[in-house]
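Right, one structure below, let's go through it.
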Amino acid sequence: MLKVFLSICITLMLLTSCQKPSSEISLAGKWQFAMDSTDIGITEKWFERSFADKIQLPGTTDEAGYGIPNTLLPSVEKPQILHLTRKNSYVGPAWYSREISIPSNWEGKSIELKLERVIWQTSVWVDDNPVQGSCESLISPHRFDLTGYLTPGKHKLTIRVDNRKQHDITVNDMAHAYTNETQIMWNGIIGDISLIAKEALSIEDLQVYPDVSGKQIRIKGKVSNTGEATEGSLSVKVENQKSGLVVSALKQKVDFQSGENLVNLTCSMGDSIEMWNEFNPVLYKVDLEVNAGSVKTERSTKFGMREFSRNQSDLLLNGNKVFLRGTLECCIFPLTGRPPMEPEGWKKVFLTAREWGLNHLRFHSWCPPEAAFQVADSLGFYLQVELPLWSVKVGEDSHTNDFLYAEADRILAEYGNHPSFCFFSLGNELQPDFEFLSRLLKHTKEQDPRHLYTTTSFTFERGHGDWPEPDDDFFITQWTKKGWVRGQGVFDSQSPSFDKDYIASVEGMNVPLVTHEIGQYSVFPNLKEIDKYTGVLDPLNFKGVKQELEKKGLLNKADDYLKASGYLASILYKEEIERAMKTAGCSGFQLLDLHDFPGQGTALVGLLDAFWDSKGVTDAETFRQACSPVTPLVRFPKAVYTSGESFTASVEVANFTDKELKDQSVSWMLKDEKGKEIGKGMMSCPSLSIGLNKLSEAITCPLAQQEAARLLLSVALDNTPYKNEWSIWVYPSELNPVKDDVVVTRDLRETQKALADGKKVLYNPDYKKIEGLEGKFVPVFWSPVHFPKQAGSMGILCDASHPAFAHFPTGNYTDWQWWSLLKQSKTIVMDNLPAVNPLVEVVDNFANNRRLSNLFEAKVGEGKLLFCSMDILSDWEQRPEARQLYFSLLEYMKSDSFDPSSTMESDVLTQLFKSGLSSGSSNPEDIY
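Residue numbers (our numbering): -14 to 913.
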């Protein structure tokens, strides 16, 4: 219901933007078309020709089926596994031509051609005559002055679009403004294609600068006068779009000189200003009207009364602390391979992001079109826009430098009025010339004070990236000079603890810090998604995975692998978000990603797919528990306890609404999986200020469980929808495993002898001496193809109801109680071993699709073997989970249920050992 209501609101708010003025002619429709792959069109004067092929504009060659047809077959090899595959690919010049008709009442008027979005360069001819100049923007409309070329009547309009790379803006063509990784390198024209007639007096620019503290706005604009100097008037009206009330109006006489006339006005907004934010995204509209004799022209724009600022490390919106709950948007639209140009196409993106608790989107190395800003304005989303730049050669080429300055100016002029345009970064992970970047940043800040600016969205450049640049308004990073600020650096190397934050890493930070691209936890492909690809892209990567699984007899496991890896990703994302929220001095996070990234080696890191649809691994309501404007948080030191201990947790409430919450109370409950209450309580909190609130009372509950149990802690802000939950595991402190007739050993020879004697053997060899993959708790980082230097597993899969786990409470997938067991283990590759029955299956990455396990059973001769490559025999004092799993396995082996159905030979165990010492564990940075 929330999404439906918001969708209706968006439609009503955007309705007026759909009206076309009578001074505009749409050129949407059928155009003549020709591809110019050998680039001979200008030399051979194709602008004088008619073309036999037809194409619908707005649109692209991919959508029309033009280009080189794909001949690749599904595969998990390169290039298919790198990204989705264009069904038809064309990069080069293409020609578009049609007849246009200019009405008689346009006589004497200036005429502009607008092409809303193009990749990359355009040139224009009218009646075979070249129009002066060319355009090359990737992020703003291409405009041509056709005044001297058009008269009333029929004319021939020809446009040449060249989508070849014009400037080196990107590493391996990965910047999302020009790439085949997400958006494709399409040729065509999309969005508004129109001719616009202008009077002798025309308003060429209109910018509104809110002054929140002064309760006023400053209006700056440009009025062009193509005629003689004349007297006239200028009128301004400011209207609240929600109430319909006119809050300000003025009119003054003006002498319009020939040429360009600057407008600089100040309007009071009164005392009842409605501030724009995510909770109250109220828009105002400015109508600017120019009159001079019989000439009348007008222009309107919408804006919001909002001001982003900073107080040291606090990010402020309208004077209040704000926390960015964000994800990336990398121009991922797999049906068209290009961004939607109408608001309707952006509603699903923003409504889904809001449903999952977000208030912020970062547009990685690109800038979205007007329609995206319109929807974001109406919903109160905070957007970060970037130059089309992801380069390690920044500053090296003067022509590219000029292009970047021009693109920055175009972004600010075209989209600067939108209140959702809050943050501006010069690009992603930029290197190496920070002197050039400093000059460019200063230029943009001088151009437009309505946004906050940063030099780069992180960088690997030495001497930079771990502390803000001198002119940064905010700072985006993975780590500081004092330590990591994202889980990649800690979740696999530090045992689970839920009382941690990044305060030590951000100490002394003098600007707001936002964590860079947190998460990147790879999830197994959802093969059911294949049928969704009905557009211009073929999922040969997904089809290749399906083909491999079929070949290896694992296709029936695909859905289980998806759910297992997806569940692990979801609990890691939760902890990522909560650590950021608990950190005073951290002003937000940017996930990579809430939804899948289909490029860069098929980086399926989302809980949603590339279409912004759920994969079924978790739901929005669960995700919002840790990702809402108000979020209950707790701090406790570990995931695993023993009976006799007392569970103690401190409670905090993150309140990032726009007001103080008064007269509140917090309730907590600890219960077991059957719903039995273990403990509960209530805490009063008379006032929850904006920001992070630490409650004076703590949760304390004795743990007296005599049997192993998983307990669920819930903390809720009473009489609100805000609650959060965590699991802990409690094991008996007094546990004396009895072997009876089971032989427990680390020794291979003892194992083989006991099996030959027909005995039951729990074989737990030293994992450091076994052939296999490094035991990991976290899954593949980003992509096993893009970053091949990693173990490559994606969590575990087991049957929680299996009797082997009767005394070791677990779900079917990885959870925090498995951490030390997986870290002190080796994952066995089973492909060349007999088809034994794994009790714990380790999910392999989709590039390899191997059979992996760290716990399996088999009959060996007359004996019965349970093989475990997780260390379950050492350090029980510090690892009660190891002792508990050992106990559970022993009890299973002593029962009649232990009756392996598969068989193997004793000498197979010898193959599992390697010569020499164990390889060391990897570090998070090693993947780079």
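No residue lacks a Cβ here, since even glycine has one placed at the ideal position from N, Cα and C.
DSSP three-state assignment for residue i, whether helix, strand or coil
| i | result |
| --- | --- |
| GLY848 | strand |
| ASN157 | helix |
| VAL619 | strand |
| ASP544 | helix |
| ASN114 | strand |
| LEU415 | coil |
| PHE793 | coil |
| ASN276 | strand |
| HIS140 | strand |
| HIS349 | coil |
| ALA356 | helix |
| GLY206 | strand |
| LEU12 | coil |
| ALA234 | strand |
| ASP394 | helix |
| THR28 | coil |
| HIS127 | strand |
| PRO6 | Reliability fails at PRO6, whose pLDDT of 43 lies under 50, so the model's placement of it is uncertain and the value that follows must be treated cautiously. In the structure shown, PRO6 sits in coil (DSSP, three-state: anything other than H, G, I, E or B). |
| ASP884 | coil |
| THR895 | helix |
| SER119 | coil |
| PRO865 | helix |
Residue i to residue j span [Cα, whole Å]
| i | j | result |
| --- | --- | --- |
| GLY591 | ALA338 | 12 angstroms |
| ALA739 | TRP464 | 52 angstroms |
| MET654 | GLY520 | 49 angstroms |
| ASP484 | PRO617 | 14 angstroms |
| GLU9 | ALA182 | 6 angstroms |
| GLY365 | GLU381 | 39 angstroms |
| ASN721 | ASP581 | 47 angstroms |
| GLU454 | GLN809 | 41 angstroms |
| PHE922 | THR607 | The requested residue 922 is not part of the displayed model; the chain covers only -14 to 913. |
| ASP299 | PRO497 | 5 angstroms |
| GLU514 | GLY199 | 53 angstroms |
| ALA79 | LEU818 | 56 angstroms |
| ALA605 | GLU340 | 6 angstroms |
| PRO417 | TYR400 | 28 angstroms |
| CYS315 | GLN168 | 8 angstroms |
| SER363 | ALA489 | 38 angstroms |
Nearest-angstrom Cβ-Cβ length linking residue i and residue j, presumed shorter than 8 angstroms
| i | j | result |
| --- | --- | --- |
| TYR390 | LEU553 | That pair is no contact at about 45 angstroms. |
| SER410 | THR441 | 6 angstroms |
| THR705 | VAL615 | 7 angstroms |
| ASN830 | VAL765 | 5 angstroms |
| THR215 | PHE241 | 5 angstroms |
| GLN575 | HIS501 | 6 angstroms |
| LEU894 | GLN737 | 7 angstroms |
Among the options, the one whose alpha carbon lies nearest that of residue i
| i | options | result |
| --- | --- | --- |
| SER699 | GLN106, TYR134, GLU662, VAL61 | GLU662 |
| LEU697 | PRO717, VAL625, PRO115 | VAL625 |
| SER122 | LEU539, VAL111, VAL146 | VAL146 |
| THR46 | LYS306, PHE293, MET20, VAL221 | MET20 |
| VAL76 | ILE66, ILE104, TRP91 | ILE104 |
| MET254 | ASP272, CYS352, SER233 | SER233 |
| LEU100 | THR211, GLY176, VAL307, ILE40 | GLY176 |
| TYR752 | ASP800, LEU186, MET855, ALA361 | MET855 |
| ASP914 | LEU807, VAL530, ILE154 | Summary: the structure shown does not reach residue 914, with the chain confined to residues -14 through 913, and so no result is reported for it. |
| ARG695 | SER674, SER628, LEU673, ALA701 | SER628 |
| ILE916 | GLU645, ILE169, ASN225, LEU247 | For the chain, the structure presents residues -14 to 913; residue 916 sits outside this window and is missing. |
| LEU680 | SER478, LYS659, VAL223, VAL636 | VAL636 |
| THR429 | HIS449, ASP451, ASP458 | ASP458 |
Proximity test, residue i beta-carbon vs the ligand MG heavy atom, cut-off 7 angstroms
| i | result |
| --- | --- |
| GLN168 | Of the ligands one can find in the structure shown there are none, so the ligand MG has no counterpart to examine. |
Residue-chain proximity (residue i, chain B), Cβ-Cβ < 8 angstroms
| i | result |
| --- | --- |
| TRP861 | As a matter of chain content, chain B is missing from the structure shown, which is built from one protein chain. |
### Query
Could you give the uninterrupted runs of the beta strand (DSSP E) lying entirely in the stretch 676 to 721, keeping only those of 3 residues or more?
The stretch 676 to 721 contains these whole beta strand (DSSP E) runs: 676 to 687, 694 to 702, 708 to 716.
### Message
My parser needs the beta strand (DSSP E) runs of 3 or more residues fully inside the stretch 38 to 101; what are they?
### Response
List check, beta strand (DSSP E) in window: 38 to 42, 78 to 87.
#### Entry: Within the stretch 625 to 680, ranges of the beta strand (DSSP E) (whole runs, at least 3 residues)
Taking only runs of at least 3 residues, the beta strand (DSSP E) segments lying wholly in the stretch 625 to 680 are 625 to 627, 631 to 640, 646 to 657, 662 to 673.
### Message
Restricting to runs no shorter than 4 residues, where is the alpha helix (DSSP H) found entirely within the stretch 722 to 787?
### Response
The alpha helix (DSSP H) runs lying completely inside the stretch 722 to 787 and spanning 4 residues or more are 733 to 741, given in chain order.
### Task
Could you tell me which uninterrupted beta strand (DSSP E) segments, each at least 3 residues in length, are contained entirely in the stretch 454 to 541, listed from first to last along the chain?
When DSSP assignments are scanned along the stretch 454 to 541, the uninterrupted stretches of beta strand (DSSP E) that are 3 or more residues long and fall wholly within it turn out to be 460 to 462, 498 to 504.
### Any beta strand (DSSP E) of 3 or more consecutive residues that is wholly inside the stretch 302 to 334
With a minimum length of 3 residues, the continuous beta strand (DSSP E) runs that stay inside the stretch 302 to 334 are 309 to 314.
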